[in-house]
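To convert a position in the sequence shown, counted from 1, into this note's numbering, add 937.
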Amino acid sequence: MSKITILVSSLVALIVAVIFPKLFFQSAKVTPVLTHMVSSASATSTASDITKYDQRLNMGITSYAAASPYNPSYFLSHGGPTFMYSEENGKGGDMGAFRALQKIGSHIVNDVKPAFIMVVSAHWESSGHDNIEITIPKPKGLKPDENELIYDFYGFPDHMYREQFRTRGSRELSQSISDYLNENGLKASVTARGIDHGTWVPFKVAFGKTGLTDDYWHLGVPLIQISLAHTEKFAIHEQLGGLLRHFTEKSGANGILINSGMSVHNLHDLGTAMYNHPNRPMSYVVPFHDKLRDIFTKSTDYESRIEGLEKLHQEPIFRQAHPSVEHFMPIVVADGFAGKYGKVKEVYNNASLSLGWGVYEFIASNKDVKL
938 MSKITILVSS LVALIVAVIF PKLFFQSAKV TPVLTHMVSS ASATSTASDI
988 TKYDQRLNMG ITSYAAASPY NPSYFLSHGG PTFMYSEENG KGGDMGAFRA
1038 LQKIGSHIVN DVKPAFIMVV SAHWESSGHD NIEITIPKPK GLKPDENELI
1088 YDFYGFPDHM YREQFRTRGS RELSQSISDY LNENGLKASV TARGIDHGTW
1138 VPFKVAFGKT GLTDDYWHLG VPLIQISLAH TEKFAIHEQL GGLLRHFTEK
1188 SGANGILINS GMSVHNLHDL GTAMYNHPNR PMSYVVPFHD KLRDIFTKST
1238 DYESRIEGLE KLHQEPIFRQ AHPSVEHFMP IVVADGFAGK YGKVKEVYNN
1288 ASLSLGWGVY EFIASNKDVK L
């Protein structure tokens, strides 16, 4: 097949994916890896498969959390809006990631019981390369503290733009976070903004069927979204994660930090992957996951984790896995949260086409508590 034919076919596939996203997402079969274990289950899972997911995920979550003085942090791979419906039809996302998020949501509600949730999403970079922005709600209707939803996806069925996930913000809490960042070496400000699909889509999965609700709100505690900086520099995002740790101390503010992106995110290759080999991932997805796992599990200290991430950033495989860096950067924030005394565990990962569905748990500590 000529290069021209491949190029044309790939472009056609991309157009189909945009115009008919449901058709696009029906094409891929997946081979999940949960806590380093391989399953033969496809995206459409039986009750037995789901039980296996749950058993393995229970093994992967909260290994060090009880000993830590801080609440855990998580990195979630969020996919697109179709991810919300993975359990209903087995299409549009990744069933293993879907179950992982449900288990994490249940753990947060029933065990962590945070006073509020902070989230860093790949879909919000600040207006400058060295500053951080924190949401405050846009006053509207009868609920002036409600977070507006941003439907930042295109070409999907109409009903996805009618989905709701009602949460409230807190101007006082957002200002406190901004003040703390400013007092400790980062530039920060509050911004009137809604929450994007990198937040509310995975949160509907994680918290949509839990008890953390009341008569109106889908989430019973304040939700604060925090931006990335508009830069590829890892250092500022490591620093951000480290400072946000302050707000997760169990005996203090008792918040929790969630980081949302994709462990591999190459939309440019989706058409090529779907056309040429719809039943297997692109060649770089699994090796990239392996490198990331090695950094988190084999590094002996925080400095070596940072060095490993920086080196990975310079390797050619990084640009294959992440042509742009924003979906990876929440992982860097989470690593900064774990910090010098922390631990990182892979809860789940899977390779599908040109996407990676990694889910990771980050546990922080201090010099007085060894994990």
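A virtual CB, placed ideally from N, CA and C, is assigned to each residue, including glycine.
Residue i and residue j closer than 7 Å at C-beta
{"i": "T1136", "j": "E1070", "result": "no"}
{"i": "I1254", "j": "R1242", "result": "no"}
{"i": "S1188", "j": "S1005", "result": "no"}
{"i": "K1141", "j": "F1102", "result": "yes"}
{"i": "P1159", "j": "G1106", "result": "yes"}
{"i": "E1169", "j": "V1262", "result": "yes"}
{"i": "P1224", "j": "L1290", "result": "no"}
{"i": "A1003", "j": "W1294", "result": "no"}
{"i": "H1015", "j": "S1197", "result": "yes"}
{"i": "Q1162", "j": "I1132", "result": "yes"}
Cβ-Cβ separation, residue j to residue i (assumed contact under 8 Å), whole Å
{"i": "L1165", "j": "S1063", "result": "7 Å"}
{"i": "L1246", "j": "D1272", "result": "7 Å"}
{"i": "L1180", "j": "Y1117", "result": "7 Å"}
{"i": "V1222", "j": "A1258", "result": "7 Å"}
Assigned secondary structure, residue i (DSSP; H/G/I helix, E/B strand, else coil)
{"i": "P1159", "result": "coil"}
{"i": "L1308", "result": "coil"}
{"i": "E1252", "result": "coil"}
{"i": "L1123", "result": "coil"}
{"i": "L1118", "result": "helix"}
{"i": "N1068", "result": "strand"}
{"i": "R1130", "result": "coil"}
{"i": "S1291", "result": "coil"}
{"i": "S1200", "result": "coil"}
{"i": "V1262", "result": "coil"}
{"i": "E1062", "result": "strand"}
{"i": "N1286", "result": "strand"}
{"i": "Y1011", "result": "strand"}
{"i": "Y1297", "result": "strand"}
{"i": "S1107", "result": "coil"}
{"i": "K1080", "result": "coil"}
{"i": "I1087", "result": "coil"}
{"i": "K1050", "result": "coil"}
is_contact[residue i, chain D] using C-beta, thresh 7 Å
{"i": "N1191", "result": "Judged by its chain identifiers, the structure shown contains no chain D, having just a single protein chain."}
Tell me whether the stretch 1260–1269 and the stretch 1052–1061 touch, counting them as touching only if at least three CB pairs, one residue from each stretch, are closer than 8 Å. Judged by pairs of C-beta atoms under 8 Å, the stretch 1260–1269 touches the stretch 1052–1061, as three or more such pairs exist.
Scan the stretch 1170–1229 and note each continuous beta strand (DSSP E) run of 3 residues or more that stays entirely inside, going in chain order. 1192–1198
Between the stretch 1202–1211 and the stretch 1276–1292, are three or more C-beta pairs nearer than 8 Å? yes
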